[in-house]
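In this note's numbering, the protein residues as written are 894 to 1317.
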């Protein structure tokens, strides 16, 4: 294997690491034991019937340590429930999801196992499942909710378009795909490694950073095809390794994260022509940037970027107008992704190594709250609907926390130090 192929960040399971059960914190095991006693004493199993789904803003945080999801009320910044769902998602669709999930049957779209899964927001039951023949997947729903676009990295190196219209006969099916293996990749790679997906607010274009191709690829949504491919140059000792990206809400700017040498870098692109992005600035640690930028979110005003830099355990805040670092927010641990609440006023950041979510107030540009959640939280998204109550959920949660569930939680690919047992 090459040095890159043994990179513990890209391939967390090619080094000694604990199993998911071993990764559960003692604090959560104790909490689970206490809950088990309370449930048994009160005779809660089977209790009253389930409650109604509430149209309330909710942040969903997926805990990779035990296959649970924590539900956060963004109006009070409080944990309201944690559900055992026997799966986890590291990079769920969250760009347009908050505006598209206002009914109980609407789907949350997740990267799970070796493909993509849809869960009904009101019940957390499965609505769709697609295998991609890859264990590393990224996805986003189009602004109108009609499609889900998927980047499946190695070994398939394929772009997929799924039907996300629940009224369509082909809902949840692949409606188009692009095999990108003929492009090849750096060295003896079998393909360019399409890594992440972000979609222009006009719904016509999607942008794919290619980790092993050192390119930025622009896709047309319909017809589903490649319209532009741009070579990405490194700023130091190559290669450039672009791997994640985010389009601003106004569609004028694109942020791209790079896993290149010397701590990584961040590029800022103009989308004056959405089909032909142009790089205008590259930021590195020498500019005050945090280390190992992974993903990013952009504020509702499209002027401020928040880049998750787990290599330095912080969030790097960037002024997109002048292309400078304005501050870095200490998270007290490693965070890889984040999501906006439905009102897009606060950013929720799962701190995977601290079992908590840091809440960043956009107007104040500071962490205003820290919320304890499940073990090893990673992916997050939000919706306008809160799942209905489930009288059997308490015992299922206890069993998950004690590691004695009837089924092993399905893993999800992570960049970092979780997802033990996951395979590409």
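We put the CB at the ideal spot given by N, CA and C, even for glycine. Here the structure is a predicted model, which is why all the values come from computation and not from measurement.
Which residue comes first and which comes last in the alpha helix (DSSP H) that contains residue i?
i, result
"residue 992", "990-993"
In whole angstroms, what is the alpha-carbon distance linking residue i and residue j?
i, j, result
"residue 1030", "residue 1090", "9 Å"
"residue 1304", "residue 1013", "19 Å"
"residue 1322", "residue 1257", "The requested residue 1322 does not occur in the structure, where the chain is confined to residues 894 to 1317."
"residue 999", "residue 1186", "32 Å"
"residue 947", "residue 1263", "24 Å"
"residue 1039", "residue 1096", "10 Å"
"residue 1023", "residue 1064", "11 Å"
"residue 1110", "residue 1260", "34 Å"
"residue 1183", "residue 1128", "16 Å"
"residue 1051", "residue 1073", "5 Å"
"residue 1149", "residue 1239", "22 Å"
"residue 1141", "residue 965", "25 Å"
"residue 1028", "residue 1005", "8 Å"
"residue 1139", "residue 1200", "10 Å"
"residue 1121", "residue 1083", "21 Å"
"residue 1181", "residue 953", "31 Å"
Starting from residue i and walking both ways along the beta strand (DSSP E), at which residues does that stretch end?
i, result
"residue 1188", "1188-1191"
"residue 1255", "No beta strand (DSSP E) holds residue 1255; DSSP gives it neither H nor E."
"residue 845", "An answer regarding residue 845 cannot be provided, because it is not within the stretch 894 to 1317 covered by the chain."
"residue 1199", "1197-1202"
"residue 947", "Per DSSP, residue 947 belongs to no beta strand (DSSP E) and is neither H nor E."
"residue 976", "971-977"
"residue 1275", "1270-1276"
"residue 967", "Run containing residue 967: none; DSSP gives neither H nor E here."
"residue 1098", "1098-1103"
"residue 1210", "1207-1212"
"residue 985", "Careful: residue 985 lies outside any beta strand (DSSP E) and carries neither H nor E."
"residue 1221", "1217-1223"
"residue 1240", "1239-1244"
Anyone know if the C-beta pair for residue i and residue j falls short of 8 Å?
i, j, result
"residue 1226", "residue 1246", "yes"
"residue 1171", "residue 1177", "no"
"residue 958", "residue 1243", "no"
"residue 1167", "residue 956", "no"
"residue 1066", "residue 1278", "no"
"residue 1222", "residue 1206", "no"
"residue 976", "residue 1017", "yes"
"residue 1069", "residue 1054", "yes"
"residue 987", "residue 1146", "no"
"residue 1309", "residue 902", "yes"
"residue 1252", "residue 1266", "no"
"residue 1235", "residue 950", "yes"
Under the criterion of a Cβ to heavy atom distance below 7 Å, does residue i qualify as lining the ligand FMN?
i, result
"residue 1108", "This structure does not include the ligand FMN; it has no bound ligands of any sort."
The region 1265-1285 touching the region 978-987, judged by at least three CB pairs closer than 8 Å: yes
Please confirm if the region 1124-1139 is in contact with the region 1149-1157, defined as three or more CB-CB distances below 8 Å between the two stretches. yes
Three or more C-beta pairs below 8 Å linking the region 1056-1066 and the region 1115-1131: no
Threshold first: 3 residues or longer. Then list the beta strand (DSSP E) segments lying entirely within the region 1108-1173, N to C. 1108-1113, 1118-1124, 1135-1140, 1146-1151, 1158-1163
Quick one: any contact between the region 1104-1113 and the region 1079-1090, if contact means 3 or more CB pairs under 8 Å? yes
Report the start-end ranges of each beta strand (DSSP E) in the region 1001-1078 that is 3 residues or longer and not cut off at the edges. 1008-1013, 1019-1024, 1030-1034, 1040-1045, 1051-1056, 1067-1072
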